[in-house]
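Number 159 in our numbering belongs to position 158 of the sequence shown; there are no gaps in the numbering.
Where is the CB? At the ideal position from N, CA and C, for every residue including glycine.
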Amino acid sequence: MVNNMDYIFDAEKAIPQFGGARDGTRLILFRWNHGHNQLWRIADAPAGGGPPVRVSSECNDKLSLAIRDVAAILARTDLDDDTQALVQSFRNTGRVTDEEGRSSFALVNKATGKALRRCHGDQKVEVVSYSLDSVDVALLWTTSGDLREGFHCIRSVSNLGYVLDASEGETTGAHDGTPVILFQSHSGANQKWKTTPFP
Numbered sequence: 002m003v004n005n006m007d008y009i010f011d012a013e014k015a016i017p018q019f020g021g022a023r024d025g026t027r028l029i030l031f032r033w034n035h036g037h038n039q040l041w042r043i044a045d046a047p048a049g050g051g052p053p054v055r056v057s058s059e060c061n062d063k064l065s066l067a068i069r070d071v072a073a074i075l076a077r078t079d080l081d082d083d084t085q086a087l088v089q090s091f092r093n094t095g096r097v098t099d100e101e102g103r104s105s106f107a108l109v110n111k112a113t114g115k116a117l118r119r120c121h122g123d124q125k126v127e128v129v130s131y132s133l134d135s136v137d138v139a140l141l142w143t144t145s146g147d148l149r150e151g152f153h154c155i156r157s158v159s160n161l162g163y164v165l166d167a168s169e170g171e172t173t174g175a176h177d178g179t180p181v182i183l184f185q186s187h188s189g190a191n192q193k194w195k196t197t198p199f200p
């Protein structure tokens, strides 16, 4: 408390003689008594966002967006493979929205801590280091409205006409290793993505 430094957060009765802290332990304000139940560590959530998600394409739902080496690709879904776990990080995106007013986010890989970044002037999607302290607008994405059965386009925040695309997935079929690029929106199945919880 700002006006009384004698009172601090205390995990009520979370001391060895009462069995320690456990699920449901109440957090209270209590006079400082040098107890272990009054010492706290504040840490950032991983990638500054929510729980990890799997991102799958409508053109082949057995494949997931993955980060391999320095590339964004589609890979055969493996729920034990953290390179397929992405976090939608809203950290430091501030009030950046697209022209439709949708909130922006960075797509950060759980395994590598790297984020998807659109390149200027070509179709490439880069995989770059992600910092919780600042965000480049080229790292920011938004989703379209629901296009059917939970699928959305994942769009560059600064140009909604360009979306993530499973390269040639609509014509030759997406497969393990298909590159994920940025391409002009044409409403194809290879440009529609669904996010589901990653176990």
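So is residue i buried or exposed if we call it buried at 16+ other beta carbons inside 10 Å?
i	result
Leu117	buried
Lys111	buried
Arg155	One point to set straight first is that residue 155 is Ile, not Arg, in the sequence displayed. With 16 or more Cβ atoms within 10 Å of its Cβ, Ile155 is classed as buried.
Arg92	buried
Trp233	Given that the chain is displayed from residue 2 to residue 200, the structure contains no residue 233 and the question cannot be resolved.
Met2	For Met2, the predicted structure reports a pLDDT of 47, less than 50, and the residue's modelled location is therefore unreliable. The matter cannot be settled from this model.
Asp99	buried
Leu80	exposed
Val126	buried
Asp24	exposed
Val129	exposed
Asp11	buried
Gly20	exposed
Pro52	exposed
Whose CA, out of the options, lies closest to the CA of residue i?
i	options	result
Gln185	Asp166, Pro198, Pro200	Asp166
Asp147	Val128, Arg103, Thr179, Ala139	Arg103
Glu171	Gln18, Pro53, Cys60	Cys60
Thr94	Ser105, Lys193, Ala86	Ser105
Leu248	Arg23, Phe19, Gln18, Lys14	Nothing about residue 248 can be read from this structure; the chain reaches only from 2 to 200.
Ser85	Lys193, Leu161, Ala67	Here residue 85 is Gln; the residue named in the question, Ser, does not match the sequence. Out of Lys193, Leu161, Ala67, Ala67 has the C-alpha closest to the C-alpha of Gln85.
Val136	Val109, Gly162, Ser145, Arg149	Val109
Ser188	Gly36, Asp7, Asp24, Ser58	Ser58
Leu28	Pro17, Gln18, Trp41	Trp41
Arg77	Pro52, Glu101, His176	His176
Arg96	Asn5, Leu141, Ile74	Leu141
Pull up the DSSP beta-bridge partners for residue i, would you.
i	result
Leu108	Gln89
Phe10	Leu30
Ser132	In DSSP, Ser132 forms no bridge with anything.
Ile182	Asp166
Tyr126	Correcting the residue type first, residue 126 is Val in the shown sequence and not Tyr. BP columns for Val126 point to Arg119.
Under 7 angstroms from any heavy atom of the ligand SAM, does the C-beta of residue i make it?
i	result
Tyr163	Of ligands this structure carries none, so the ligand SAM is not represented either.
From residue i to residue j, what distance separates their C-alpha atoms?
i	j	result
Phe199	Thr173	28 angstroms
Asp45	Gly114	Since pLDDT at Asp45 reaches only 49, below the 50 mark, its modelled position is unreliable, and no value is offered.
Tyr131	Arg55	19 angstroms
Val88	Ile182	19 angstroms
Ser65	Ser159	25 angstroms
His35	Tyr8	12 angstroms
Val138	Pro17	49 angstroms
Lys63	Gln39	48 angstroms
Thr196	His153	9 angstroms
Asp134	Arg119	19 angstroms
Ser157	Ala22	45 angstroms
Thr143	Asp70	24 angstroms
Ala72	Asn5	53 angstroms
Asp83	Ala107	17 angstroms
Leu75	Thr26	43 angstroms
Problem - Sequence ranges, beta strand (DSSP E) only - wholly within the region 21 to 77, length at least 3 - result: 28 to 32, 54 to 58, 61 to 69, 72 to 77
Problem - Segments assigned beta strand (DSSP E), at least 3 residues, entirely inside the region 145 to 174 - result: 155 to 157, 160 to 167
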